[in-house]
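Structure record follows, encoded as structure tokens.
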Ligand code: GLY
Ligand code: MN
Ligand code: MN
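In the numbering used here, the protein residues as written are 1 to 459.
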């Protein structure tokens, strides 16, 4: 006999473990407004198609942790894989759904699959999350009467062979085959236009997004502060990594926004070092570049500090040069400045400083030691979508100059194995100087050395 109690217990997992379990997720109205903004920029008689990311297989029965396609997320808020969104410039009618601009296909419910891999959102839950009325399962797509020959432009975010490896293979492959069959050569299929429009939409952050980036930054900063207190000679690079990641996860961050970079001594000179397996010794600098992600939005922070708590004279000279360059970069984070302005400002200071220190003879050689750009947008992606045009109020960019002097560099040996990057996340304001969202984390040498004297929870 089915009692009311058993109904309660059946509902319980849905209430507490479904997508709606997080109370501070962006509301459906946010995603609806994003779609409206996108559709407004589509030409007459066009359709735009966005695929959710597939589940990617790591090996055998094990998949990578799932992460949604940021464009798809921005337009839907939907975090399940194997879904497809269609946006129409003109209103369409799909059976009882009259006059709609949006059509969403999602995975069908499947008891057995859900027992292994977790709950799938059903139609009504998907409608609630996205505020899209016309939601159907992908299995229904085949019989769906969409005639793509009727459109003058068909926009697809990816070529119509999206990443279909791994566990999503069958579900997505059938769908893509269906699309391909229905598309005729006379359709203008464009992959660039939707990417450009998404870049211009995502570049300027809305207040709700800034709050989520700030949250991702704050939980990462907590970890960096603890790491500075805890680090000591004998630590492994991965132990340093674990402290920051602990604070991110312990505060509700779903994952890191990118693989953590935690390199001591010579490894600090490898820009995207990810092995993080070496031991840290007294006298080494540690370059730690880590950012937790919170509800999809990520931080991107780098600090460089001495494993034994005291900078050497050479380390101080390089560090302070990078810091001075970063300050100059942050100072030009103003609306209307060209996107290159931060790099021009930092590069000028670093190249002159390297000449003064005798590390290079001619400031044209500076790119040997400062070989990357200074800024990128930050948001749903660590290297976020944006136009790279003049800086706009409401955008968040990184300012991250660096100097990297690996062993064997053509300069005095005393500089070898010094790699320094300082990276903060900067919000461009309408008026006045920018806001350093990660500015709470010490950057001055004195402040760092003082912090490193403090007792750590992990010591
Ligand atoms: N963490 C990668 C970067 O700073 O761009
Ligand atoms: Mn960065
Ligand atoms: Mn970084």
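Just so it is clear, CB atoms sit at the ideal spot from N, CA and C, and this is done for glycine as well.
Here the structure is a predicted model, which means the values were calculated and not measured.
| message | Considering Cα atoms alone, identify which of 348, 104, 424 and 282 is closest to residue 382. | response | 424
| field | Cβ distance (whole Å) where residue 286 is taken to contact residue 280 below 8 Å | value | 6 Å
| request: Determine which residues share a DSSP beta bridge with residue 298 and list them. | output: 293
| Taking Cβ positions, are residue 292 and residue 223 nearer each other than 9 Å? | The answer is yes: Cβ separation under 9 Å.
| query | Could you name the residues, in chain order, whose CB is less than 7 Å away from a heavy atom belonging to ligand 1? | reply | 258, 261, 272, 289, 291, 300, 302, 376, 382, 383, 398, 400 and 423
| With distances taken from CA atoms, which of 276, 157 and 28 is nearest residue 48? | A check of alpha carbon separations from residue 48 across 276, 157 and 28 identifies 157 as the nearest.
| field | Assigned exposure category for residue 170 - 16 Cβ within 10 Å defines buried | value | The pLDDT assigned to residue 170 is 48, lower than 50, so where the model puts this residue is not dependable, and the model offers no usable value.
| Buried/exposed call for residue 453, threshold 16 Cβ in 10 Å | The C-beta of residue 453 has fewer than 16 other C-beta atoms within 10 Å across all chains shown, which makes the residue exposed.
| said: For residue 345 and residue 327, what's the separation of their Cα atoms in angstroms? | reply: One C-alpha to the other measures close to 9 Å.
| request: Closer than 7 Å by C-beta to residue 230: which residues in its own chain qualify, once you throw out the five before and the five after it? Chain order, please. | output: 243, 456, 458 and 459
| query | Just the Cα atoms here: how many angstroms apart are residue 151 and residue 77? | reply | Going by the C-alpha atoms only, they are around 27 Å apart.
| Using the C-alpha atoms, what's the distance from residue 219 back to residue 290? | Cα to Cα, residue 290 sits roughly 11 Å from residue 219.
| message | Tell me the DSSP secondary structure of residue 256 in three-state form. | response | Residue state, collapsed to three classes: strand.
| task | Give me the Cα-Cα distance between residue 132 and residue 100, rounded to the nearest whole angstrom. | result | 9 Å
| Segment contact, 8 Å Cβ cut-off, at least three pairs: the segment 387-399 with the segment 86-97 | no
| Does the segment 251-260 come within contact of the segment 312-320, defined as at least 3 CB pairs closer than 8 Å? | no
| said: Measuring only the C-alpha atoms, how far is residue 115 from residue 121? | reply: If you take the alpha carbons of residue 115 and residue 121, they lie about 13 Å apart.
| query | Does DSSP put residue 169 in a helix, in a strand, or in coil? | reply | Per-residue confidence for residue 169 stands at a pLDDT of 48, beneath the threshold of 50, marking its modelled position as unreliable; no derived number is given.
| Buried versus exposed, by CB contacts within 10 Å (16 or more), residue 66 | So residue 66 counts as buried.
| query | Got a sec, what are the start and stop residues for the beta strand (DSSP E) residue 262 sits in? | reply | 261-264
| query | If you draw a straight line from the alpha carbon of residue 79 to that of residue 356, how long is it in whole angstroms? | reply | 52 Å
| query | Alpha carbon to alpha carbon, how far is residue 269 from residue 389? | reply | 30 Å
| query | Count the other CB atoms within 10 Å of the CB of residue 125; is the residue buried (16 or more) or exposed (fewer)? | reply | buried
| field | Beta-carbon proximity list for residue 448, same chain, < 7 Å, skipping 5 on both sides | value | 228, 305 and 442
| message | When you measure from the CB of residue 378 to every non-hydrogen atom of ligand 2, does any distance come out below 8 Å? | response | yes
| query | So what's residue 116 in DSSP terms, helix, strand or just coil? | reply | helix
| Where do the N-terminal and C-terminal ends of the beta strand (DSSP E) with residue 136 fall, by residue? | 135-137
| query | With distances taken from CA atoms, which of 429, 73 and 127 is nearest residue 471? | reply | Because the chain here runs from 1 to 459, residue 471 falls outside it and cannot be looked at.
| query | Starting from residue 446 and walking both ways along the alpha helix (DSSP H), at which residues does that stretch end? | reply | 445-452
| Which residues DSSP lists as bridging residue 437, in chain order | DSSP output for residue 437 lists no bridge partner at all.
| query | Would residue 198 be called buried (16 or more neighbouring beta carbons within 10 Å of its own) or exposed? | reply | buried
| field | residue 404: first and last residue of the uninterrupted alpha helix (DSSP H) it sits in | value | Looking at the DSSP string, residue 404 is not in any alpha helix (DSSP H); the run it does join, the beta strand (DSSP E), is 402-405.
| field | Among 106, 361 and 85, nearest to residue 71 - alpha-carbon criterion | value | 85
| said: Using a Cβ-Cβ cutoff of less than 7 Å, which residues in the same chain neighbour residue 297 once the five nearest sequence positions on both sides are dropped? | reply: 209, 212, 213, 216, 379 and 380
| To which residues does DSSP link residue 288 through a beta bridge? | Partner(s): 262 and 303.
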